[in-house]
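Once you know that position 50 of the sequence shown is 50 in my numbering, the rest is easy, because the numbers rise by one and skip nothing.
Here a beta-carbon is modelled for each residue, glycine too, at the ideal position from N, C-alpha and C.
Everything numeric in this text was worked out from a predicted model, so none of it was measured.
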Amino acid sequence: MKRMAILAATLSIIIGASFAVSAAVQADDAAPMTEAHIARIRASCVSAQATLMQLHASDALMRVNRGQLFESLSTRLMVPFNSRIAKYTQQNVSLVELASSYDGQLTAFRSNYQQYEEAMSRTLKIDCQNQPVSFYDGVTETRDKRAATHDSVIALQKTIQDYGTQFDIFAKNFQEGTK
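Right, dumping it as structure tokens:
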């Protein structure tokens, strides 16, 4: 049981350290885009597209790795442990509730990432030289979708930590009950 808690904590730390949110300028929706702004977009078009392509590639790899970690926490740790608790008639509603919440958050993460991926793909197809305003709008949408994905990761990490805490409480109570 202690090994499972250590594994969950380690995976949580790895997940948290690997997700980086890119810094981007916030769009002011109320202000119209000026010619100077459009000119800056055109001037930095090539480097912006290259940066987005690199980000797209690294995020895809990160999504696969992170998704596998999140999936394995659920399928290899939470579900089997909760099944054992139920099999041996041990009561621990909080672990079951956290696992259920985690599954919902995992579904939201997948959905948010899919929306982010679609927004990024659309943005990469925009010709920023000829359509700088559309490109800017695409980058803004993509940034918002990426932020939603990040929020999903944070929620999952918190649930992992909460599960670990509840697991420790359960283990302590179980050990005290068997003495």
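Of the residues the options, the one placed nearest residue i, counting alpha carbons only
i      : options                        : result
Arg110 : Val153, Thr123, Lys172         : Val153
Val96  : Met53, Ser47, Asp162           : Asp162
Glu141 : Leu124, Met78, Ser74           : Leu124
Ser101 : Ser121, Met78, Ala86, Arg84    : Met78
Gln157 : Glu117, Ser134, Ala99          : Ala99
Leu55  : Phe167, Gln175, Arg143, Asp151 : Arg143
Arg122 : Pro132, Gln91, Tyr113, Val139  : Val139
Gln49  : Thr165, Phe174, Asp127         : Asp127
Phe70  : Ala108, Glu118, Cys45, Ile85   : Ala108
Asp103 : Ala57, Thr75, Lys87            : Thr75
Glu118 : Ala171, Pro132, Ala60          : Ala60
Arg42  : Gly164, Asp137, Ile160, Gln129 : Gln129
Val64  : Tyr113, Met53, Gln105, Pro80   : Tyr113
Ser120 : Arg40, Pro32, Tyr136           : Contrary to the premise, residue 120 reads as Met rather than Ser in this sequence. Minimum Cα distance to Met120 is reached at Tyr136.
Ala155 : Lys172, Gln105, Ser58, Ser44   : Gln105
Sequence-distant residues of its chain with Cβ nearer than 7 angstroms to residue i (five each side left out)
i      : result
Ser134 : Ile126
Asn82  : Leu95, Val96, Ala99
Arg84  : none
Contacts around residue i, its chain only, beta-carbon distance under 6 angstroms, and the 5 residues preceding and following it disregarded
i      : result
Ser94  : Gln166
Phe170 : Asn92
Ser47  : none
Tyr116 : Lys145, Arg146, Thr149
Gln175 : none
Residues near residue i by beta carbon distance below 8 angstroms, same chain, minus five either side
i      : result
Thr159 : Leu98, Ser101, Tyr102, Gln105
Inset, instruction - Mind listing, in chain order, the continuous alpha helix (DSSP H) runs of no fewer than 4 residues lying wholly within the segment 66–102? - result: Within the segment 66–102, the complete alpha helix (DSSP H) runs of at least 4 residues are 79–87.
Review point. In the segment 31–68, which residue ranges form an unbroken alpha helix (DSSP H) of at least 4 residues, counting only runs that do not cross its ends?
Key: Within the segment 31–68, the complete alpha helix (DSSP H) runs of at least 4 residues are 35–43.
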